[in-house]
Amino acid sequence: MTALSDVSSHAMASARWRISEVAFWVLALACAFLFPSRYLIMTDIVRLGLFALSLDLILGYAGIVSLGHAAFFGVGAYSAGLLALHGIINEPVIALVAAGFVAAVLGFLTSFLVIRGVDLTRLMVTLGIALLLEALAERFSDITGGTDGLQGIEMQPILGLFTFDMFGKTGFFYSLIVLFILFLLARRVVHSPFGLSLRAIRNNPLRAAAIGVPVNRRLIAVYTLAAFYAGIAGALFTQTTALASLDVFSFERSADLMLVLVIGGTGYLYGGLIGAVVFKMLQELFQSITPQYWLFWIGLVLVVIVMVGRARIHRWVLFVPNLVIRQFAGRKAAVAVPEGDAS
Amino acid sequence: MASILTNLFDGVAYGMLLFVLACGLAVTLGLMNFVNLAHGAFAMAGGYICAVLVNQSGWPFFAALPLAFVGSAVIGIALERTLYRHLYSRSHLDQVLFSIGLVFMSVAAVDYIMGSSRVFIKLPAALEGQIDLFGVGIGRYRLMIVVICGLLTLALQLILAKTRFGSRLRAAVDDPRAAIGLGINVPQVFAFTFAFGCGLAGLGGALSAEILGLDPYFPLKFMIYFLIVVTVGGSSSITGPFLASLLLGIADVAGKYYVPKLGPFVIYTVMIVILLWRPNGLFGRTAAR
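Sequences listed follow chains U and S, in order. Residues 44 to 386 (the numbering used here) make up the first sequence, in order. Residues 61 to 349 (the numbering used here) make up the second sequence, in order.
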């Protein structure tokens, strides 16, 4: 077997759907029917999961550490809000895609700033862009509503058929379907040669360039794609909650997002989704214990995760499920420990 | 004309304050290459120590300032010995996550202990009001800040350039392995430097309560300013961050005075442009670290 066919067969094997993955999505769908009174929080989780998926694309696969990913979330949120408020595009699905594209354009433009420089510069530039947009949104309050946010958004029925109800049922299924479609796309992307080249870049940009990977072009492409995803997540936020306020750009949102992704693990797509579930549950728990000071416990979780070591925690967590899965489906079906992280 | 000069002076005072706040970060982030977003938390600690001593225990302001320095330095060295030192060799992502976690914890803890409202430190009467210097109104408090921070800057430059400890630090930063080989106790040097930087931040926090405002969200609000000082200033010496802080201080005060509508827009734009033009900072070394 030649090296080339070995690589491609390895890539093909890792791209195959596993039982655990199917189980994950069945479980997600089952939740919709198991907890009919919890649609709002579940919508929140789905949205956060999509947002984290977007960060995973650049952090887990391309190794870009971003502190300002909320910029794209915010742009998507405001785009969707403005489109609906002024009746430019009334149909939510088209508006969703349009908002995603607005964010993608911003992502494309700012990617040139991000690919320059080392980690620290990237941190500063991404953070700076998010803060800049927040300042802009505050400045042009006649368009964005300033600190009051966009008010009076009324969403039209999805595809003209499904109206948003007050229990959030429509919103939840809508978000879940959007998440699933975008997940499929992301899965296809990261298992393609393009995705493999991203991993090569993450592991060693110099070596990737030496074997002929156009590093900067790949980074621009994935950054734009991630911005598109984040924009969609933001637009979902506006469409399902019917509001958009300045805090969509806030630093806390970007920081929380990092925590979500870190809880779930980077670089295998499900990290963001699992992390979103765990994060929201932790948040609920902490808020019920100390309503005002839950930030402390979130901070503590972050510190503990880093001190113990992310890889080690994931191994512990996956130990029992893997044991079970191995019993039923043989060795190969075990859930993989997330691959290495961004450096 | 006079108002321009007054603004300029305010800007200089603000910039010098930023320098004292951020120069500890210039060492950890710039020299030790550790992304410490929690630097503002140490400044906040110093500010609150000073506030408690002055307002509740009735200490004179100038006696409380050294205590703010010492208190923050002690907290700094305790955290360095227990937590930070394990993370020097970890990835930037880990460092970012860890320090964000610390910031969140400090914000909530201070909120819990001290309450969420802004804290004011009672100033001695000698520091209030303005003095008139050749027709230019100069705030006494700001004048004091310029004097203290100016002296500190000089002292830092001398320590770094002339003393044995300064040369040890520079050696440890340039090449830790070679420095260890020469018998320099690198972890100790780093720990001491870290504590000193935290102490300076605490002193800056105590001084800045009057100008920047002191509340539990201080570390989050001013994080970006500290980072700007270090990234824009570069890390080759303390002159870079010093000039960057002056620039930032003057630009911020002038921006708020002359174009209040644009808000912080100007500063962020300038920062992004500078970082694009010189990714290693205005006065940085050319080699990426």
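Built from N, CA and C at the ideal position, the CB exists for glycine as well. Being a predicted model, the structure only gives us computed values, none of them experimental.
> Considering only C-alpha positions, which residue in the set S/205, S/113, S/171, S/98 is nearest to residue 155 of chain S?
Replying inline: S/98
> In three-state DSSP terms, what is residue 208 of chain U?
Replying inline: coil
> Just curious, the beta strand (DSSP E) that residue 197 of chain S is in, first and last residue?
Replying inline: 196-199
> For residue 190 of chain S, which beta-bridge partners are listed by DSSP?
Replying inline: S/199
> If we call anything under 9 Å between Cβ atoms a contact, is residue 233 of chain U one with residue 313 of chain U?
Replying inline: no
> Can you find a CB in chain S that lies within less than 9 Å of the CB of residue 336 of chain U?
Replying inline: yes
>> Count Cβ pairs between the segment 126-142 of chain U and the segment 300-311 of chain S that sit closer than 8 Å; are there 3 or more?
In response: no
>> As a quick exercise: from U/110, U/237, U/205, U/223, pick the residue whose alpha carbon is nearest that of residue 260 of chain U.
In response: U/237
> At least one CB of chain U closer than 9 Å to the CB of residue 329 of chain S: is that the case?
Replying inline: yes
>> Which residues of the segment 149-166 of chain U have a Cβ closer than 8 Å to any Cβ of chain S? Give them in chain order.
In response: 156, 159, 160, 161, 162, 163, 164, 166
>> Distance cutoff 9 Å, beta carbons only. Does residue 339 of chain S sit that close to anything in chain U?
In response: yes
> Are there three or more Cβ pairs, one per stretch, closer than 8 Å when the segment 262-277 of chain U is compared with the segment 92-104 of chain U?
Replying inline: yes
>> With a threshold of 9 Å between beta carbons, is residue 349 of chain U in contact with chain S?
In response: yes
> Do the segment 88-102 of chain S and the segment 150-170 of chain S touch if we need at least three Cβ pairs shorter than 8 Å?
Replying inline: yes
> Does DSSP put residue 97 of chain S in a helix, in a strand, or in coil?
Replying inline: coil
>> What does the alpha-carbon distance come out to for the pair residue 102 of chain U and residue 189 of chain U?
In response: 31 Å
> Under three-state DSSP, which class holds residue 386 of chain U?
Replying inline: With a pLDDT of only 39 at residue 386 of chain U, under the threshold of 50, the placement of this residue in the model should not be trusted; the figure read from the coordinates follows. Coil, per DSSP.
> In angstroms, rounded to a whole number, what distance separates the CA positions of residue 114 of chain U and residue 174 of chain U?
Replying inline: 8 Å
>> Would residue 289 of chain S pass as an interface residue toward chain U - the criterion being a Cβ-Cβ separation below 9 Å?
In response: no
>> Against residue 172 of chain S, what residues of chain U qualify as contacts under a CB-to-CB distance less than 7 Å, listed in chain order?
In response: 336
> Which same chain residues, not among the five before or five after residue 298 of chain U, have their C-beta less than 8 Å away from its C-beta?
Replying inline: 110
> Where does residue 342 of chain S fall in DSSP's three states?
Replying inline: coil
> Is it right to say residue 44 of chain U is buried, meaning 16 or more other beta carbons lie within 10 angstroms of its own, or is it exposed?
Replying inline: No answer about residue 44 of chain U holds up, because its pLDDT of 47 lies below 50 and its placement is not dependable.
>> For residue 215 of chain S, tell me which candidate among S/83, S/343, S/340, S/281 has the shortest Cα-Cα distance.
In response: S/83
> Considering only C-alpha positions, which residue in the set S/102, S/66, S/71 is nearest to residue 256 of chain S?
Replying inline: S/102
>> At 4 residues or longer, what runs of the alpha helix (DSSP H) sit wholly inside the segment 58-102 of chain U?
In response: 62-77, 82-99
>> Using the Cβ count rule (16 or more neighbours within 10 Å means buried), how would you classify residue 118 of chain S?
In response: exposed
> Exposed or buried, residue 327 of chain U, counting other C-beta atoms within 10 Å across all chains shown (16 or more means buried)?
Replying inline: exposed
>> Excluding the 5 residues flanking residue 199 of chain U on each side, which residues of the same chain have their C-beta closer than 6 Å to its C-beta?
In response: 133
> Near residue 239 of chain S, which residues of its chain fall below 6 Å by C-beta distance, leaving aside the five closest residues on each side in sequence?
Replying inline: 231, 232, 246
>> At the 9 Å Cβ level, is residue 166 of chain S part of the contact set with chain U, yes or no?
In response: yes
>> Per DSSP, what are the beta-bridge partners of residue 179 of chain S in this structure?
In response: S/274
> Using 8 Å as the Cβ pair cut-off and three pairs as the minimum, do the segment 68-88 of chain S and the segment 197-212 of chain S touch?
Replying inline: yes
> Looking at the structure shown, is residue 193 of chain U part of a helix, part of a strand, or coil, going by DSSP?
Replying inline: strand
> Does residue 102 of chain U get closer than 9 Å to chain S when you measure Cβ to Cβ?
Replying inline: yes
>> To be precise: take each residue of the segment 298-315 of chain S, compare its Cβ to all Cβ atoms of chain U, and keep it if any distance is under 9 Å. Which residues remain?
In response: none
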